[in-house]
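Under the working numbering, think of the first position of the sequence shown as 4, with each following residue one higher. Everything below concerns the one structure shown next.
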Amino acid sequence: MTQQLRIQPSDRVEGLVTVPGDKSVSHRALMLGAIAQGTSRVTGFLPGEDCLATMAAVRAMGVEVVQHDATTIDVRGQGMRGLRAAGRALDMGNSGTAMRLFMGLLAAQPFDTELFGDESLSARPMERVARPLRQMGARIETTDGTPPVRIAGGGALRGIAFDMPVASAQVKSAVLLAGLYATGETSVNEPAVTRDHTERMLEWLGYPVRRSGTTVTVAGGGALVAAPIAVPGDLSSAAFMILAACLARTGELVIDHVGLNPTRTGILRILELMGADIRIEQSPGQAGEPVGRLVIRPRPLRGIDVPMDLVPLAIDEFPVIFVAGALANGETLIRGAGELRHKETDRIRVMAEGLRILGIDVEELPDGARIRGGRFRGGTVDSAGDHRVAMSFAVGAARAAGAVTIQDTANVATSFPGFAALARAIGLDVAVAGDD
Ligand code: S3P
4 MTQQLRIQPS DRVEGLVTVP GDKSVSHRAL MLGAIAQGTS RVTGFLPGED
54 CLATMAAVRA MGVEVVQHDA TTIDVRGQGM RGLRAAGRAL DMGNSGTAMR
104 LFMGLLAAQP FDTELFGDES LSARPMERVA RPLRQMGARI ETTDGTPPVR
154 IAGGGALRGI AFDMPVASAQ VKSAVLLAGL YATGETSVNE PAVTRDHTER
204 MLEWLGYPVR RSGTTVTVAG GGALVAAPIA VPGDLSSAAF MILAACLART
254 GELVIDHVGL NPTRTGILRI LELMGADIRI EQSPGQAGEP VGRLVIRPRP
304 LRGIDVPMDL VPLAIDEFPV IFVAGALANG ETLIRGAGEL RHKETDRIRV
354 MAEGLRILGI DVEELPDGAR IRGGRFRGGT VDSAGDHRVA MSFAVGAARA
404 AGAVTIQDTA NVATSFPGFA ALARAIGLDV AVAGDD
């Protein structure tokens, strides 16, 4: 039997908690730390499977990573030219971020690399990254557009001005990482603002980045200098707890020390538009990233038309937004979110199917969904192995009329180790069953 989450209804959510470290920032701390000069102490690191795949890959390329405890690591940077051939294909697990960012970084190295992933990652599009890298002179082959990806090293890269057709921080980051090694300037113009953790961490490690409107530019040939990196809590993980607190009948939840990068806070704005009671207290930033504390009190949500300009700023939170819409009063319309079909699963289809099983009326659209709010009934839904789908149904299930079982949930550990325990700590009745 694969792992399942079993949720019994509950009313109260309360507590003062922190959530595990930001996944995007943790990947970047390893990759940029690896090519910096000197040792970067990373605190608040996310020991989720995705970031552990990145850690194993940088180690395989000759970078020593000393793990002091689960969330504190030292990355002994080898400098811009210090990576070595791994001597084997590198396993990216379930992680699109690891694979796409490494494609950019490794396109510029003097050795060949092969990257592969699990079944879900093996179905995800990689040409969106390979194409601009080829324009820079990289020699990269995908397998019919998907992993495995083979990168031939040794070629010289030249800077390009890339007009990015999809709003993707992974594509942007891959091109910028290759740009560090290219001749001249590399710029990426994005169709909509996407998360800017790469730009911020480059700057934090002393690499000049020029930003103007929606264009980011780096010049090749610079160097990175090691620095302490304090990773904030992952707002994408906090989102499940935030929704749980919004939906509760009583209580108050405080989430401390969470990342509040404005390219990530779309979920807070969307929930506020739905009527949520969320107080945001900004603290001094860390490692170039804004952080703060959130105080959430229960309040009934209302359906909204989700503003399309918020979609890239909440791209990982749509499973949460589907559940919020499903349990709100009135109708919620999501459009302009076709990228959701290329995540760990086709999140539009998987969410619509699960919500219907729980009694919600959902119309699937090519780039979103129309959701008529109601109440969950008990039942069994399949997360299709998608961590964020599983956790979103779990927090919604706390407000169901009966017990809910969510199947195929082992991948929760890719981004949120300890999810069930933290959910229980704030008052949800979540049990883990049947590990495989
Ligand atoms: C990420 C970018 C986003 C996001 C992913 C993490 C990153 O992907 O969905 O979870 O760390 O750059 P896209 O770039 O495909 O939108």
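All C-beta atoms, glycine included, are put in the ideal place defined by N, C-alpha and C.
6 Å Cβ shell around residue i - same chain, five flanking residues per side excluded
i: VAL116; result: For the record, residue 116 in the displayed sequence is Thr; it is not Val. Around THR116: LEU109 and ILE154.
i: ILE232; result: ALA32, SER43, VAL45 and ALA290
i: ILE374; result: GLY328, ALA329, THR335 and VAL365
i: PRO12; result: ALA403
i: ASP1; result: For the chain, the structure presents residues 4 to 439; residue 1 sits outside this window and is missing.
i: MET204; result: ARG31 and LEU35
i: VAL384; result: GLY357, ILE360, PHE396 and ILE409
Member of the options whose CA lies at the smallest distance from the CA of residue i
i: GLY107; options: LEU179, MET58 and ARG91; result: LEU179
i: VAL435; options: THR417, ALA397, ARG272 and ARG402; result: ALA397
i: ASP53; options: ALA317, SER27 and MET129; result: SER27
i: LEU250; options: VAL16, MET129, ARG103 and ALA416; result: VAL16
i: MET277; options: GLN40, VAL212, THR197 and VAL326; result: VAL326
i: SER98; options: ALA423, VAL433, LEU271 and SER418; result: SER418
i: ALA242; options: ARG296, LEU227 and GLU292; result: ARG296
i: GLU202; options: THR149, THR266 and GLY254; result: THR266
i: ALA170; options: GLY357, MET311 and ILE351; result: MET311
i: GLY376; options: GLY341, GLY333 and ARG134; result: GLY333
Any non-hydrogen atom of the ligand S3P within 7 Å of residue i CB
i: ARG198; result: yes
i: ALA172; result: yes
i: HIS30; result: yes
i: ASP411; result: no
i: GLU52; result: no
i: THR417; result: no
i: GLU342; result: yes
i: ILE318; result: yes
i: THR100; result: yes
i: SER487; result: In the structure displayed, the chain extends from 4 to 439; residue 487 sits before or after that span and is not available.
i: SER395; result: no
i: SER27; result: yes
i: SER176; result: yes
Close Cβ partners of residue i (< 8 Å) along its chain, the five nearest in sequence each way excluded
i: VAL69; result: ILE76, ASP77 and ARG79
i: PHE379; result: ALA329, LEU330, LEU361, GLY362, ILE363, GLY399, ALA400, ARG402, ALA403, ALA404 and VAL407
i: MET442; result: Because the chain spans 4 through 439 in this model, residue 442 falls outside it and cannot be assessed.
Own chain partners of residue i with C-beta closer than 7 Å, once the 5 adjacent residues on each side are dropped
i: ARG137; result: ILE143
i: GLY182; result: GLY162, THR189, VAL221 and GLY223
i: PRO420; result: PRO23, PRO50 and GLY51
i: VAL415; result: HIS390, ALA393, MET394 and PHE422
i: ASP439; result: Confidence in ASP439 is poor, its pLDDT being 44 and thus under 50, which makes the residue's placement too unreliable to answer from.
| query | Counting Cβ pairs closer than 8 Å, one from the stretch 219-237 and one from the stretch 184-194, do we hit at least three? | reply | Yes, since at least three Cβ pairs between the stretch 219-237 and the stretch 184-194 fall closer than 8 Å, the two stretches touch.
| task | Go through the stretch 316-380 residue by residue and report every complete run of the alpha helix (DSSP H) that reaches 4 residues or more, in order. | result | If we require 4 residues or more, the alpha helix (DSSP H) runs fully inside the stretch 316-380 come out as 321-329 and 350-360.
| Curious, which full-length beta strand (DSSP E) runs of at least 3 residues does the stretch 203-243 contain? | You should have 213-215 and 218-222.
| request: Note down, one range per segment and in chain order, each beta strand (DSSP E) of at least 3 residues found wholly within the stretch 75-103. | output: Every unbroken stretch of the beta strand (DSSP E) spanning 3 or more residues and falling wholly within the stretch 75-103 is given here in chain order: 75-81.
| field | Unbroken stretches of the alpha helix (DSSP H), 4 residues or longer, contained in the stretch 233-307 | value | Listed in chain order, the complete alpha helix (DSSP H) runs (minimum 4 residues) inside the stretch 233-307 are 238-250 and 269-276.
| task | At 4 residues or longer, and completely inside the stretch 105-137: list those alpha helix (DSSP H) runs for me, N to C. | result | Qualifying alpha helix (DSSP H) stretches: none in this window.
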